[in-house]
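Residue numbers (UniProt numbering): 1 to 323.
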């Protein structure tokens with residue numbers, strides 16, 4: 001049953017959780033993984049009986065190797081992050097035996113690139129940290145630290161002179177997922193500040209003249225956890241990315257909204273304690289348009305492939321819109 005059907009049947013009801021209460025929940029854990037999980041766990045209130053379709057779809061994405069499938073059907077640590085967190089949001093037990101065997105095959109991350117090293121840390125955290133030793137955690141952190149840049153940030157490409165907003169958030173999250181302190185954490189905030197643009201948005205890397213919604217949302221989340229000040233116009237810039245038909249644009253010049261930008265924009269606005277009730281119905285209609293009876297969400301209107309990543313962002317968006 002599509003989301004619009006739930007609304008027509010009177011099942012799309014506000015969850016009795018105020019924005020202030022939700023923000024308090026988000027602010028409690030020093031982990032963006034846990035705060036997003038707390039929000040996504042509100043999604044089943046809107047999904048109702050159709051939550052079982054999402055569960056079925058997610059479990060269908062587990063490969064024989066134990067990881068969740070990428071868009072080519074191959075197991076991938078990055079997609080496994082979203083598959084595990086979506087199951088946690090639905091309060092469904094993950095197939096730990098197969099997934100943990102898949103994770104253990106990577107050891108302490110030797111040979112992994114930055115994104116997949118951070119994904120390995122996050123996957124282990126989603127399984128409770130029971131399948132990685134303390135020694136492996138430190139070795140994985142050492143690997144992530146090799147991607148640190150001279151000004152204190154992180155970048156997914158080795159040898160970069162300066163970090164990216166995305167790299168900073170991933171590295172900070174990985175250290176928290178490993179339960180380890182980040183060395184010189186204060187320098188990360190300074191590196192992030194250098195990416196702020198005059199209009200309130202954030203560039204992903206130095207020299208970029210235009211910010212993106214996802215990068216700005218990442219900066220908002222990281223700055224909040226680091227207690228680092230943001231430009232006064234950041235919230236207004238995010239709101240301006242709303243498409244007239246609902247959903248948020250990736251950039252001011254993007255032709256169509258997408259689910260990733262929408263979910264992260266809503267998360268950032270909630271973190272900034274900026275009300276977005278006036279865009280709720282438009283955004284619900286947008287998320288509705290990406291829902292399929294197979295139990296997954298498309299990433300945008302031109303997308304024709306379902307995966308665990310966008311389904312996870314669908315749950316995050318619904319969690320925010322249901323509050």
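C-beta atoms are modelled at their ideal positions from N, C-alpha and C, and glycine is treated no differently.
| Taking DSSP as the reference, what is the three-state secondary structure of residue 258? | Three-state result, residue 258: strand.
| For residue 324, does the three-state DSSP call read helix, strand or coil? | Limits of the chain in this structure are 1 at one end and 323 at the other, which puts residue 324 out of reach.
| said: Suppose the cutoff is 8 angstroms on Cβ atoms and the five residues either side in sequence are ignored; what does the same chain contact list for residue 311 look like? | reply: 54, 57, 58, 82, 86, 295, 296, 297
| In chain order, which continuous runs of the beta strand (DSSP E) of length 3 or greater are located wholly inside the UniProt domain "Prenyltransferase alpha-alpha toroid" (52–91)? | none
| Roughly how many angstroms lie between the CA atoms of residue 98 and residue 91, to the nearest whole one? | Roughly 18 angstroms separates the two Cα atoms.
| field | Three-state secondary structure (DSSP) of residue 148 | value | Reduced to three states, the DSSP call for residue 148 is strand.
| query | Near residue 226, what residues of its chain come up, given a Cβ to Cβ distance below 6 angstroms and the 5 sequence neighbours on each side ignored? | reply | 189
| Candidates 74, 96, 73, of which the one nearest residue 84 by Cα | Of all alpha-carbon atoms in 74, 96, 73, the one lying nearest the alpha-carbon of residue 84 is that of 96.
| said: Judging by CA-CA distance, which residue of 214, 239, 323, 305 is the nearest neighbour of residue 291? | reply: Among 214, 239, 323, 305, the Cα nearest to that of residue 291 belongs to 305.
| query | For the region 174–187 against the region 235–245, are there 3 or more C-beta pairs whose distance is under 8 angstroms? | reply | no
| query | How is residue 196 classed by DSSP in three states: helix, strand or coil? | reply | In the three-state reduction of the DSSP assignment, residue 196 falls in the strand class.
| When 263, 109, 309, 204 are compared against residue 69, the one with the closest alpha-carbon | 309
| Strand pairing of residue 237, partner residues [DSSP] | The partner list for residue 237 (beta bridge, DSSP) is empty, contrary to what the question assumes.
| Contact the region 174–184 vs the region 134–150: 3+ CB pairs below 8 angstroms | yes
| Inter-stretch contact at 8 angstroms, needing at least 3 Cβ pairs: the region 102–114 / the region 62–81 | yes
| Candidates 61, 32, 213, 314: closest to residue 288 by CA position | 314
| message | With distance defined between alpha-carbon atoms, name the residue in 136, 183, 158 nearest to residue 152. | response | 183
| By Cβ distance, which residues of its chain are closer than 6 angstroms to residue 180, with the 5 residues on each side in sequence left out? | 141
| query | Thinking just about the alpha-carbon of each residue, which of 220, 279, 274, 216 is nearest to the one in residue 242? | reply | 279
| field | residue 262 CB to nearest heavy atom of the ligand MG below 6 angstroms | value | This structure lacks the ligand MG; in fact it carries no ligand of any kind.
| said: Going by the DSSP bridge assignment, what does residue 249 pair with across the sheet? | reply: 257
| said: For residue 19 and residue 37, what's the separation of their Cα atoms in angstroms? | reply: With a pLDDT of 42 at residue 19, under the threshold of 50, the predicted position of this residue should be treated as unreliable, though the coordinate-derived value follows. Going by the C-alpha atoms only, they are around 16 angstroms apart.
| said: Could you tell me the alpha carbon to alpha carbon distance between residue 323 and residue 41, rounded to whole angstroms? | reply: 11 angstroms
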